[in-house]
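Q:
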Amino acid sequence: MALGTRRAALLAAGAAAVLTLSAACGTSGPGGSGANAWALTGGDEQTIRSSFESWNSDHPDHAINAEFFANDAYKQKIRTSIGAGGAPTLIFGWGGGTLRDWVDAGKVVPISELVEDETELTDRFLPSVLDTGVVDGKTYALPNNGMQPVLLYYNKKLFDRIGAEPPSTWDELMDLVPRFQEEGIAPFAIGGQSRWPQLMWLEYLVDRIGGPEVFDAIVANEPGAWSHPAVKRAGEMIRELVDAGGFIKGYNSIAADSGADAALLYTDKAAMYLMGSWAYPSIKDSAPEFISDGHLGYTTFPTVEDGKGDPANIVGNPANYWAVSADASEKEKEAATQYLTEGLMSDSYVDTLLENGSVPPVKGIDKRLSTTDDPDYLSFVYDLAAQAPNFELSWDQALSPKQADALLTNLEQLFSGQMSPEQFCEAMDSTIEQK
Amino acid sequence: MTTVTDSRLSDSGAGARRGGPSPVMAAPALVFFGVFALVPLVGVVALSFVYWDGISEMTWAGLANWSDVLTDPATLNAIWLSVQVIVFSWLVQTPISLLLGVFVAGRGRYRALLGVLYFLPMLLSSAAIAIAFKALLDPNFGMSLAFGAESLAKDWLGDESLALYVVVFVIAWQFVPFHTLLYQAGVRQIPASLYEAAQLDGAGTIRQFFHITLPQLRYTIITSSTLMTVGSLTYFDLVFVLTGGGPGDATRMLPLHMYLTGFSSDEMGKASTLAVLLVVTGLALALGLSRWASFRRGSQLEGA
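Residue numbers (the numbering used here), protein chains in the order written: chain S, 1 to 435; chain A, 1 to 304.
#1: What are the boundary residues of the beta strand (DSSP E) that Gly-316(S) is part of?
#2: Listing by chain order, which chain S residues have their CB less than 7 Å from the CB of Ser-265(A)?
#3: Beta-carbon of Gly-62(A) versus every beta-carbon of chain S: anything under 7 Å?
#4: Pull up the distance between the alpha-carbon of Ile-432(S) and that of Glu-267(A), whole angstroms please.
#5: To the nearest angstrom, how far is it from the Cα of Ala-427(S) to the Cα of Leu-123(A)?
#6: Measure the alpha-carbon distance for Ala-404(S) versus Leu-296(S) and round it to whole angstroms.
#7: Thinking C-beta only, is Thr-273(A) closer than 7 Å to Ser-48(A)?
#8: Please report how far the alpha carbon of Pro-421(S) lies from the alpha carbon of Lys-154(A), in whole angstroms.
#9: Helix or strand or just coil, what does DSSP make of Val-50(A)?
#10: What residues in its chain sit with their C-beta under 8 Å from that of Leu-344(S), if we drop five residues either side in the sequence?
#11: What is the DSSP secondary structure of Phe-125(S), reduced to helix, strand or coil?
#12: Classify Val-359(S) as helix, strand or coil using the three-state DSSP reduction.
#13: Between the alpha carbons of Val-31(A) and Met-25(A), how many angstroms are there, rounded?
#14: Could you name the residues of the same chain whose beta carbon sits closer than 6 Å to that of Ser-394(S), not counting the 5 residues immediately before and after it, in chain order?
#15: So is Ser-82(A) buried or exposed if we call it buried at 16+ other beta carbons inside 10 Å?
#16: For Ala-164(S), which residues in the same chain have their Cβ closer than 7 Å to its Cβ, ignoring the five residues on either side in sequence?
#17: Which residues of the segment 249-272 of chain S have a Cβ closer than 8 Å to any Cβ of chain A? Give them in chain order.
#18: Could you work out which residue in Thr-371(S), Gly-309(S), Leu-378(S), Asp-293(S) is closest to Pro-360(S) when comparing CA atoms only?
#19: Could you give the distance in angstroms between the alpha-carbon of Leu-256(A) and the alpha-carbon of Thr-98(S)?
#20: Give me the chain A residues within the contact set of Gln-397(S), using Cβ-Cβ distance strictly less than 9 Å, ordered along the chain.
#21: Just to confirm my understanding: we take Gln-93(A), look at its own chain, exclude 5 residues before and 5 after, and list those with CB closer than 7 Å. What are they?
#22: Could you check the C-alpha separation between Met-174(S) and Ala-70(S) for me, to the nearest Å?
#23: Given this structure, state the Cα-to-Cα distance separating Ala-16(S) from Gly-85(S), to the nearest angstrom.
#24: Using the C-alpha atoms, what's the distance from Gly-54(A) back to Ser-22(A)?
#25: Would you mind reading off the limits of the beta strand (DSSP E) that contains Phe-68(S)?
#26: Answer yes or no: does any C-beta atom of chain S fall closer than 7 Å to that of Pro-247(A)?
#27: Could you run through the segment 76-105 of chain S and flag, in chain order, every residue whose CB is less than 8 Å away from some CB of chain A?
#28: In the structure shown, what three-state DSSP assignment does Pro-149(S) receive?
#29: Could you give the first and the last residue of the continuous beta strand (DSSP E) run that contains Ala-323(S)?
#30: Against chain A, does Lys-107(S) count as a neighbour if the rule is that its beta carbon must be under 7 Å from one of theirs?
#31: Reducing DSSP to helix, strand and coil, say where Ala-35(S) ends up.
#32: In chain A, which residues lie with their C-beta within 7 Å of the C-beta of Arg-195(S)?
#33: So with CB distances below 9 Å, who are the chain S contacts of Trp-156(A)?
#34: Between the segment 405-426 of chain S and chain A, which residues of the former have a C-beta closer than 7 Å to a C-beta of the latter?
#35: Which residues, taken in chain order from the segment 44-69 of chain A, show a beta carbon closer than 9 Å to some beta carbon of chain S?
#36: Show which residues of chain S have a CB atom less than 7 Å away from the CB atom of Asp-138(A).
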């Protein structure tokens, strides 16, 4: 009998320990309104951080507690949290396919329904950027940082050395490859190991050759959309560039997250670098004299002969976005809405973004651009994004996560020659019906 | 790993009947094992029969995930890569750690010092090791620049035919110290009298190694091999940080394939199926190895 009670007590103790553990994991939440926001470290972290800090000191009853996470880890954490009903009030995202997933699962609320007058929320933003936060005609997400078009950066010193001009057509680009190689300079830097930098080449080439309709058909899940001649031609051109030695030796071992790809450009090892506009602040941070001495050039992606796409089209991320969680309480939603109306993209918010080398997607800031440290560059990015007939969201964000994963894996095999352009089209076509 | 504990458990169970500690002492451990191992396992089995992307409603899939996974070339590729890693890891690690273990087990102050140096990698986390090697292997800024040797500037992690071997090498760098420790302990268990007798009979160092050390280490070899083989099925963190499964799918081994299917492609059902497959393979391997070992069980001090 004594053994019986002892056993019961031990079991109870064990169970209590387990319960305590699980309870400890479940409790969280700050004071104030209880509203919280998760965003990314790096990039525009400081802008977002200081915006919440000043908001909280001015509006203690509508305070929002912000936490910051590293990019890749965040992408997986946020999905698990949303699925488990533990999402933050304000969810940081990219728009596109991911946002559509959240909307379809009923995990985010239309921001337009939280306010009486929708225009006070949306009026200040550039419509093309706002669009990425719209699903089925309703605004679900608002831009919270700078526009991120993909640009062709180049090293002016190296271009001077061989007496060349930056390429404006694909043929010029291909002609430059052997000229740089003769000088022992790699034509292009790329962080192949991170896989997504390779995607930028496919995005631009498909757009230049076939126009935005090609990818529109892919996003619409039209059968055989990946076998469009423009995709195949883009694949062939990528193979031609790789075979000609366009990318730096060992490019598949270079990771973009360590900044080793950008370093190749400013250490004079590579002449050109195709990257999103977020590369500028990080180069400014790592090699400020490279920019201040005027060695960094930037231009748009070259045109392709007989291509249907408008050369003014751009690809990249229009911005990042805030969405409001459907699981949040009324009080939390109220705090979030008030912040989105009054705190987001306020004058000081816009100024901080500009200071850090980011271009906010708001209307009528042309004049403010000229008073910054980098007026030429910021105006270039602003005009490029504001005047683009089509600003295409990065494909890995626009597609469903499953298709995006297949795309990155297959594209890497296209680059390395394990897959032919035809095989690439076929492999991607097989992902079409899956949803 | 599980089976090693299991066989010990049954031994101590026999001891309990002879008046050892009551099995109730194991209750807290059993409760934790149940909550953190059995419950999730049952959950994963259940998930392998549904379609679920992590946030939408689950829908019944029947055996669709299973037939998908078992016919998917990506799974076969992942299994084939895992088999290669198991075989190569064993072939690389076993001789090195066996010889190092024998060497370090010997007497002499300098050996103790060397032993400490050999064990250093054990102190580092997999993530730290992966990040360090990634920096070293960078073709432009890595060891080729540090040592000024152009021949080291290879596309180590970006070449499909090379990446897997580099991964096996880094895994070996991380785990050889652990297995060396096992062998060192094994060697120190061998009675000195065996060597004294052999010396009297005029056997040299090499003969002693092949006729005394190696046979006496039989069970250590089996233990170390079991840990190595089953461990190879769980190498995840190191590969995840080092290559992320790339280039292409050249290092997308089974555990990594499971993770990416679940948390990158958001196919939780399919990922759960892969997880069940991993558990079954791991258990089968561990059980098979220990069965084989106990079938051949003889006296540890055979010939003494």
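Backbone N, C-alpha and C fix where the C-beta goes; we use that ideal spot for every residue, glycine too.
A: Here's the rundown:
#1: 314-317
#2: Pro-401, Lys-402, Asp-405
#3: no
#4: 15 Å
#5: 43 Å
#6: 32 Å
#7: yes
#8: 26 Å
#9: strand
#10: Ser-51, Leu-142, Asn-144, Trp-322
#11: strand
#12: coil
#13: 11 Å
#14: Asn-317
#15: buried
#16: Leu-176, Arg-179
#17: Lys-249, Gly-250, Tyr-251, Asn-252, Ser-253, Ile-254, Ala-255, Ser-258, Ala-260, Ala-263, Leu-264, Lys-269
#18: Leu-378(S)
#19: 22 Å
#20: By Cβ distance, chain A contributes nothing, its closest Cβ being about 13 Å from Gln-397(S), past 9 Å.
#21: Ala-172, Phe-175, Val-176, His-179, Met-228
#22: 37 Å
#23: No answer about Ala-16(S) holds up, because its pLDDT of 46 lies below 50 and its placement is not dependable.
#24: 43 Å
#25: 64-69
#26: yes
#27: Gln-76, Arg-79, Thr-80, Ile-82, Gly-83, Asp-101, Trp-102, Asp-104, Ala-105
#28: strand
#29: 321-325
#30: yes
#31: strand
#32: Gly-246
#33: Gly-250, Ser-253
#34: Asp-405, Thr-409, Glu-412, Gln-413, Ser-416, Gln-418
#35: Trp-52, Asp-53, Gly-54, Ile-55, Ser-56, Glu-57
#36: Ser-253, Ile-254, Ala-260
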